[in-house]
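Below: one structure, written as structure tokens.
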Amino acid sequence: MDRDKILLTPGPLTTSLRTKLAMLRDWGSWDAEFNAVTAQVRRSLLAIVHGEDTHVVVPLQGSGTFSVEAAVATVVPRDGHVLVLDNGAYCKRAARLTSLMGRRCAVVDFGDHEPVSASVLDEQLKADASITHVVMIHCETGAGVLNPLQAVADTCAAHGKGLIVDAMSSFGALPIDARTTRFDALVAASGKCLEGVPGMGFVFLRKAILDSCAGQSQSLAMDLHDQYVYMEKTGQWRFTPPTHVVVALAEAIAQFEAEGGQPARLARYTANYRTLIDGMARLGFMPFLDPAVQAPIIVTFHAPGDPRYEFKAFYNAAKAHGFILYPGKLTQVETFRVGCIGAIGPGEIEQAVHAVELALQDMGIASGEPAI
Ligand SMILES: *Cc1c(COP(=O)(O)O)cnc(C)c1O
């Protein structure tokens, strides 16, 4: 069968036919029609976080990590000091890129099964006055933990520290309100909960810090301030834009708005999540996280305890039944992950659970029950 498999991965993810069809045209990067699409996308993105009065949004070519790196380099002065709240793989990536950008970087480690803590952050900020910025991940896609954005933002505000939020896997699905949550930069991308295709990120920058960002980035291509100034002046991207990605995102946002925006998206993903958890429990699988700290974005499951289990074979068997799973990203325990996001609903998730059941049968495994 040449039908596309359903992607149960946190980006790229399954997109609608309408979004895919938007990519069948060629656009000139200088052309007024394409510039109008870019402007519309930027207006829509700002509206999603209610940031019209307080923030600007700057799109950037590349995968999401490019935009995280650009945000750190643009927002943090070269002699700044960043504290990363670490509860997983994407936090560790943020810390690494911060160090590589030449910024002094400290990490506070929380372990990957629990949220980061605003009260621990408060103590850290009291103990070390040299910290200028905090980096947090809203939904840690590594294990799937939801981190307390509001509490961390309030703590940073109380101490007068900058906050950079990686909201890559939450933006569009979980509520984020720039009017009540103070952040200097918040980063997301086209190919996650907005259900566009991968290829561009975007960063919300607080207007109050914009001017101070000039010249801070040591990179030409990743300088968000320069990208912003040029885009405001010309309506164009500084360098070749990912035209097909931009028009697909515009189409994906139109569907997002028609569906009912963020609340509707969260409702659908929550239904996907519940269907997944219930179905997998019927097969004996156990989620890694306490449901109280779990975001309805991606679920980490313990691997089955059966000695015949092996991820690659399991992956291939599920793929043969039409579904693409995602490997685990934890170092201590054997796990795999299943995404709840993309242009899919509970019906597809039921089918995915059935595909997992068939995959276990193919491998001669009676139950998904873990060894522990
Ligand atoms: C997807 C994701 C990113 C970006 O990853 P890329 O591979 O660069 O697209 C960054 N942070 C989080 C939390 C993510 O889920």
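So for the sequence shown, my numbering puts the first residue at 57; every next one is plus one. Yeah, the Cβ is synthetic: ideal placement off N, Cα and C, and Gly gets one too.
Distance between Ala348 and Arg338, taken at the CA atoms: about 20 Å.
Thr326 sits in a helix when the DSSP states are folded into three classes.
A distance criterion of 8 Å places the beta-carbon of Asp222 in contact range of ligand 1, judged by its closest non-hydrogen atom. Within 10 angstroms of the beta-carbon of Ala213 lie fewer than 16 other beta-carbons, which makes it exposed. In this model, Arg159 and Leu153 are separated by some 9 Å (Cα to Cα). When secondary structure is reduced to three states using DSSP, His194 falls in the coil class, being assigned neither helix nor strand.
Judged by DSSP in its simplified three-state form, Thr356 adopts strand. Annotation: the continuous beta strand (DSSP E) that includes Met256 extends over Met256 to Arg262.
Taking the Cα positions, Ala408 is about 24 Å away from Gln318. Taken through DSSP and simplified to helix, strand or coil, Ala308 comes out as helix. Sequence-distant Cβ neighbours of Ala415 in its own chain, meaning closer than 7 Å and more than five residues away, are Phe370, Ala373, Ala374 and His377. Set against 8 Å, the gap from the CB of Ser186 to the closest heavy atom of ligand 1 is not smaller. With a cutoff of 9 Å on beta-carbon distance, Leu116 and Gly257 are scored as near each other. Between the C-alpha atoms of Gly398 and Ala199 there is a straight-line separation of about 18 Å.
Look at Phe370 here: in three-state DSSP terms it is helix. Distances from the CA of Ala427 to each of Ala245, Val221 and Met342 were compared; the closest alpha carbon is that of Met342. Here Gln417 is exposed, its C-beta having fewer than 16 other C-beta atoms within 10 Å.
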